[in-house]
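S.K.:
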Amino acid sequence: MALLEVRDLEVGVAIGGKVLPVVQGISFDVEENQTLGIVGESGCGKSLTSLAIMGLLEGSMLRLTGGSISFNGQDLLALSPRARRAIMGDQMAMIFQEPMTSLNPVYRIGDQIIESLRQHRSMSQRQARARAIELLDLVRIPDPERRVDSYPHQLSGGQRQRVMIAMALACGPKLLIADEPTTALDVTVQKEVLDLMLDLQKRTGTAIILISHDLGVISETCDKVVVMYRGKIVESAKTATLFSNMSHPYTQGLLASIPVVDHDVEWLNAIPGRVPLIDEVLPGCAFHPRCSFAQASCATSPPSADYVSDDHLVRCHFPNDRPSGGEAGGDA
Amino acid sequence: MTQATSKRALLDVRDLKTYFTIGKTGLFQAKSQLKAVDGVSFEVREGEVLSLVGESGCGKSTVGRTLTQLERATGGRADFDGQDILAMSPRAFRPLRRQIQMIFQDPFASLNPRRSIEQTLAEPLFIHKLARNWAEARSKIVETLEQVGMDPKVMQRYPHEFSGGQRQRIGIARVMILKPRLVIADEAVSALDVSIQAQVLNLLKKLQQDNGLSMLFISHDLGVVRHISDRVAVMYKGRIVEMGDKSQIFENPQHDYTRRLLASIPRIAQKAA
Ligand SMILES: Nc1ncnc2c1ncn2[C@@H]1O[C@H](COP(=O)(O)OP(=O)(O)O)[C@@H](O)[C@H]1O
Ligand SMILES: Nc1ncnc2c1ncn2[C@@H]1O[C@H](COP(=O)(O)OP(=O)(O)O)[C@@H](O)[C@H]1O
Ligand SMILES: [Mg+2]
Ligand SMILES: [Mg+2]
């Protein structure tokens, strides 16, 4: 049994009296000590998937329309809202792209960590403060005894993201979901933050779900990868398998569009077009309008997700009938 | 790329300094000066792309903003076509505004959401007297939208109807329609998904080549910089620590900081291998 087992997860958006599916048939496992990467362009449903797992789908428009989530052997969807909230923040924690929006600007960062500690652990104020300083030190905030009394705006972007990690780790969660934690940061800071997360994982065994639109980031940090396009998994595999045997034209396109630093290319292989809007109707494969390998059947019948090897799932009518290599698109 | 070496400088920046006066930051600190740009020299030659790269806060944007008179230079000079633009009054600078254009990370942040794309693109044409009437403006708008790979029908639409990549194409159209000689692009593709970023980068590179544009390309992303530049200047704490042809910076970096920057870029499948 894996720590987290997600099966056939479905999320819908209620618009104009209809519920449009935005996340469909998402299934994956995350084990202790493991990092799962979820990759895909903006609007593909990565954040909604993680919010659904956290029980944070909010507002009248979003709803969980199907599937099951088992965490540590418990069926999360069968729990009372209260029991669910108790798990959140304690055993499961989440960090977001822009830490400024999740840190409260009017409270000192130490007080925010202390509050989260005291909510979930019976600790005195003094113990909690000592633990907060320890956590800031753990995420390598310089001079933590003083920084504990800083306000969020007094820190740099990278430091704020590290405070978010400290808060997320405060209660020693079994699962950490990081939704584009470094997208707003510079490469040097990005590397520091990712290294920090992996280093903490080594010490604590925390399972991590890392969400990113950048396959480069994913390849360096994750054990398994799930590629999402327009609400569905189009390819998933162990990282090593994925990069040695990449099969979906979308995954290949994501990889090919990264500007390489190690040699020169005249034109980048961009994926032409864009992710379809949620109300656009596409009877066949959702990627076919952008796919340079599409055949007539791709426009009419939706491909199923099939295993091409033990751990390697691909949703494509022609996963093997194409010339290999990373060429999808090629828009100048 | 190599032929750029023989070309003359369109913009020649010498010992540029931009200092900010900042208020008290702590109990015992008086007002102090922040040396955002502290003695920077470079040239942008005719038809070349010079990139300014470095981590955030090192002063890249301040260089761009000072060169377009959005910030006041503390010292130094910047000759554009032989004239020092830093010494010019705003009035004397006005005719040059058309020739020196900036592209920002989110070009729509400064736009009026109630104006259609047509109105948005027509405005600079009328301001700079490049169109005398709507018919002239419209034909230039159609031509430019096609140049940036957009269907001219989008003219009647409004900013919120566009995705990030489309917005940046419109931002580029707004600059290209003025036929500038120097484009300063400040993190122009940094907010885009990699797939869309590749589309927009290809577009920028093609427009630059087709029109012989000179470009100062500001970015913190070395992969992007390698793709678009002829030459690269690496900035660190308000100064340029290393500058050279792209091949030299990427293949034979001399400065420690350049090496550290290069080492922090994610390379594919390291964990997998
Ligand atoms: N609160 C919401 N109300 C309506 N639609 C939403 C909401 N949040 C997300 N969506 C839509 O659901 C789709 C998936 O969104 P999201 O999970 O945020 O994508 P990603 O994180 O991959 O960028 C998008 O088309 C988005 O516009
Ligand atoms: N108007 C301003 N007033 C005070 N400080 C500023 C101003 N603009 C920029 N700075 C500071 O100058 C430094 C350089 O900033 P910037 O040019 O934006 O860097 P970059 O573009 O390389 O990230 C930073 O420390 C920034 O906080
Ligand atoms: Mg998201
Ligand atoms: Mg900047």
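Chains as they are written, first to last, in our numbering: chain A, 67 to 398; chain B, 120 to 392. Even for Gly, the Cβ is constructed at its ideal location relative to N, Cα and C. Computed from a prediction, not measured in an experiment: that's the story for all the values here.
Counting only beta-carbon atoms, is A:SER285 nearer than 7 Å to chain B?
M.R.: Your numbering for residue 285 of chain A matches position 219 in the first sequence. True, the Cβ-Cβ gap to chain B drops below 7 Å.
S.K.: Which chain A residues sit within Cβ distance under 7 Å of B:ASP312?
M.R.: Mapped onto the second sequence, residue 312 of chain B falls at position 193. Chain A residues near B:ASP312: GLU107, SER108, HIS279.
S.K.: Pull every residue with its beta-carbon under 5 Å away from any heavy atom of ligand 2, and keep them in chain order.
M.R.: With the cut-off at 5 Å, the residues found are B:PHE139, B:ALA155, B:SER175, B:GLY176, B:CYS177, B:GLY178, B:LYS179, B:SER180, B:THR181.
S.K.: What do you reckon, are the CB atoms on B:ALA317 and A:ALA336 nearer than 7 Å?
M.R.: Walking along the second sequence from the start, residue 317 of chain B turns up at place 198. Walking along the first sequence from the start, residue 336 of chain A turns up at place 270. Yes; because the gap between Cβ atoms is below 7 Å, this pair is in contact.
S.K.: What are the boundary residues of the alpha helix (DSSP H) that B:HIS346 is part of?
M.R.: What you label residue 346 of chain B is simply residue 227 of the second sequence in a count that begins at 1. Residues 341-347.
S.K.: Taking just the CA atoms, how far does B:GLU165 sit from A:GLU76?
M.R.: Against the first sequence, residue 76 of chain A aligns to sequence position 10. Against the second sequence, residue 165 of chain B aligns to sequence position 46. About 55 Å.
S.K.: For A:ILE324, decide whether its Cβ has a neighbour in chain B, counting only Cβ atoms nearer than 7 Å.
M.R.: Reading the first sequence from its first residue, position 258 is the one you call residue 324 of chain A. Yes, contact with chain B.
S.K.: I'd like to know whether the C-beta atoms of B:SER312 and A:HIS279 end up nearer to each other than 7 Å.
M.R.: Start at 1 with the first residue of the second sequence, and residue 312 of chain B comes out as number 193. Start at 1 with the first residue of the first sequence, and residue 279 of chain A comes out as number 213. Note that residue 312 of chain B corresponds to Asp in the displayed sequence, not to Ser. Yes, Cβ-Cβ distance for B:ASP312 and A:HIS279 is below 7 Å.
S.K.: So is the beta-carbon of A:LYS112 under 6 Å away from any non-hydrogen atom of ligand 3?
M.R.: Walking along the first sequence from the start, residue 112 of chain A turns up at place 46. Yes, Cβ of A:LYS112 sits closer than 6 Å to a heavy atom of ligand 3.
S.K.: Would you give the residue range spanned by the alpha helix (DSSP H) that A:LEU221 belongs to?
M.R.: For the purposes of this step, residue 221 of chain A is taken as residue 155 along the first sequence, with counting starting at 1. Note, A:LEU221: premise wrong, no alpha helix (DSSP H); not H, not E.
S.K.: Check A:VAL347 in the structure and name its three-state DSSP category.
M.R.: By 1-based counting over the first sequence, the position of residue 347 of chain A is 281. Coil, per DSSP.
S.K.: For B:SER338, is the classification buried or exposed, using 16 other Cβ atoms within 10 angstroms of its Cβ as the cut-off for buried?
M.R.: The residue given as residue 338 of chain B occupies position 219 in the second sequence. Buried, by the Cβ-count rule.
S.K.: Determine the DSSP secondary structure at B:MET274, reduced to helix, strand or coil.
M.R.: Reading the second sequence from its first residue, position 155 is the one you call residue 274 of chain B. Helix, per DSSP.
S.K.: Quick one: grab the DSSP three-state call for B:ALA392.
M.R.: Stepping through the second sequence from its first residue, residue 392 of chain B is reached at position 273. Below a pLDDT of 50, predicted positions are generally treated as unreliable, and B:ALA392, at 41, falls in that range; the measurement from the model is reported next regardless. Coil, per DSSP.
S.K.: What is the rounded straight-line gap between the Cα of A:SER313 and the Cα of A:ARG381?
M.R.: As a position in the first sequence, residue 313 of chain A is number 247, starting the count at 1. As a position in the first sequence, residue 381 of chain A is number 315, starting the count at 1. Approximately 9 Å between the Cα atoms of the pair.
S.K.: Ordered along the chain, which non-local residues of its own chain (more than five positions away) have a Cβ less than 6 Å from that of B:ALA256?
M.R.: One-based indexing of the second sequence puts residue 256 of chain B at position 137. These residues qualify, in order along the chain: ALA241, LEU244, ALA250.
S.K.: Is it the case that the segment 96-112 of chain A contacts the segment 293-304 of chain A, given that we only count it when at least three CB pairs across the two stretches are under 8 Å?
M.R.: They touch, by the three-pair rule.
S.K.: With H, G and I counted as helix, E and B as strand and the rest as coil, what does DSSP make of B:LEU381?
M.R.: Here residue 381 of chain B is taken as the residue at index 262 of the second sequence, counted from 1. B:LEU381 falls in the helix class under three-state DSSP.
S.K.: Please decide whether A:VAL380 counts as near chain B, where near means a Cβ-Cβ distance under 7 Å.
M.R.: Along the first sequence, read from residue 1 onward, the residue named residue 380 of chain A stands at position 314. Judged by the 7 Å Cβ criterion, A:VAL380 is not in contact with chain B.
S.K.: Counting only beta-carbon separations shorter than 7 Å, does A:ALA196 have a partner in chain B?
M.R.: Counted from its first residue, the first sequence places residue 196 of chain A at position 130. False, the Cβ-Cβ gap to chain B never drops below 7 Å.
S.K.: Output yes if chain B places a C-beta closer than 7 Å to the C-beta of A:LYS257; else output no.
M.R.: Against the first sequence, residue 257 of chain A aligns to sequence position 191. Closer than 7 Å to some Cβ of chain B, the Cβ of A:LYS257 qualifies, so yes.
S.K.: Looking at C-alpha atoms only, which residue of A:VAL259, A:LYS240, A:ALA236 is the closest neighbour of A:SER222?
M.R.: Counting from 1 along the first sequence, the entry for residue 222 of chain A is found at position 156. The residue with the shortest Cα to Cα distance from A:SER222 is A:VAL259.
S.K.: To the nearest whole angstrom, what separates the beta carbons of B:ILE291 and B:ILE222, a pair I think is in contact under 8 Å?
M.R.: In the second sequence, residue 291 of chain B corresponds to position 172, counting from 1. In the second sequence, residue 222 of chain B corresponds to position 103, counting from 1. Sure, about 6 Å apart at Cβ, within 8 Å.
S.K.: In chain B, which residues lie less than 8 Å from A:VAL347 when you measure between Cβ atoms?
M.R.: Position 281 of the first sequence, counting from 1, holds the residue named residue 347 of chain A. Chain B residues near A:VAL347: none, gap ~19 Å exceeds 8 Å.
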